[in-house]
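As structure tokens, the structure follows; a few thoughts come after it.
Below, the structure is given as structure tokens:
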């Protein structure tokens, strides 16, 4: 999955803008504060959420929606599941009456898809020519519901207010993980605390440790990919990311010293968590691949250089795109 084109009209501070995206290279928006970089990412996120939400849940099935989630309507459900993913009055540029925005994407084994939204005076109108979009999202939704090996495209947005407030390793939810769990809080635009990554890492490592008792050479491919991606991005002085059980904590070796994750700098800790979270989502979304971390998708990161040393700021984007498992993703 990749974004091909975005058309923005009277959205926040942007009067009119058309963006064409690269086929194989990441897209980087550079500009002074207030020029509209975050607005572009927010507009992309809102539009992409209109593609992702029907994959998560059937918009026509209001009865099952209420039964499963306790909500009376699809719109209410989507507002809860994807907070802020609707256009609103504050999104309309001053002096204009409405905002209209359009996106086109390409998917593997599918024709290009395009849809648009118009928001005016507290009413959001979806472009009615959506037969192909609805058909594609229905096929994807039916595939993951019927097969635990079906792959779905990933889309995730890391906003500027991403933080590692705590490294919580307590596993409380033992429910079966479906592919759409990769979309959990992926496009909310709210604070991503990375709690799910740390809990997932511990759960998978628990299984890996059980296998190691029978086969000392066993390694979980998903964890190994996460570890190697983190080591590659943080630097060769990092190694041996693991969970210690007594007391419960996640540690990593930096040079020859074992550190608790909370002892890392904000930049190191944030990069570790974001890379790990992205790899976790890929593994969940693409269980049918021989290497599930080779799935495809769209990744939006606001202020990717946040808290990073100037050297890392220069190297982070090329490092992400050349590092497995992220070389098939499209970054913006």
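Residue numbers (our numbering): -14 to 317. Where is the CB? At the ideal position from N, CA and C, for every residue including glycine. The model shown is predicted, which means the values in this text are computed figures rather than measured ones.
- Excluding the 5 residues flanking it on each side, residue 3 has same chain C-beta neighbours closer than 6 Å at -8, in chain order.
- Inside the stretch 154 to 241, DSSP marks whole alpha helix (DSSP H) runs of 4 or more residues at positions 180 to 199, 206 to 219, from first to last along the chain.
- Beyond the five residues adjoining it in sequence on each side, residue 240 comes within less than 7 Å, by CB distance, of 222 in the same chain, given in chain order.
- Residue pairing for residue 100: DSSP places it in a beta bridge opposite 88.
- Under the three-state reduction of DSSP output, residue 83 falls in the strand class.
- By DSSP's assignment, residue 139 forms a beta bridge with 282.
- In this structure, residue -5 lies away from residue 105, with their beta-carbon atoms at least 8 Å apart.
- A direct Cα-to-Cα measurement between residue -12 and residue 283 gives close to 7 Å.
- Here the stretch 188 to 202 makes no contact with the stretch 165 to 174; the two share fewer than three CB pairs at distances below 8 Å.
- According to the DSSP assignment, residue 22 belongs to the alpha helix (DSSP H) that extends over 22 to 41.
- By a beta-carbon distance limit of 8 Å, residue 255 contacts residue 291. Their separation comes to about 7 Å.
- Beta-carbon to beta-carbon, residue 21 and residue -1 are separated by about 5 Å, close enough to satisfy the 8 Å threshold.
- Relative to the Cα of residue 173, the nearest Cα in the group 268, 71, 127, 299 belongs to 71.
- Residues of the same chain with a CB within less than 6 Å of the CB of residue 171, apart from the 5 flanking positions on each side, are 141 in chain order.
- Apart from the 5 residues on each side of it in sequence, residue 87 sits with its Cβ closer than 6 Å to the Cβ of -8, 101 in its chain, given in chain order.
- A direct Cα-Cα distance of roughly 43 Å separates residue 248 from residue 122.
- For the pair residue 185 and residue 265, the Cα-to-Cα distance works out to about 8 Å.
- For residue 105, the three-state secondary structure derived from DSSP is strand.
- Pairing residue 188 with residue 181, the inter-Cα distance amounts to about 10 Å.
- Per DSSP, residue 146 has no beta bridge partner at all.
- Annotation: the continuous alpha helix (DSSP H) that includes residue 263 extends over 251 to 270.
- For residue 78, there is no enclosing alpha helix (DSSP H), as DSSP gives it neither H nor E.
- CA-CA distance, residue 216 to residue 190, rounds to 17 Å.
- DSSP, read as helix, strand or coil, puts residue 306 in helix.
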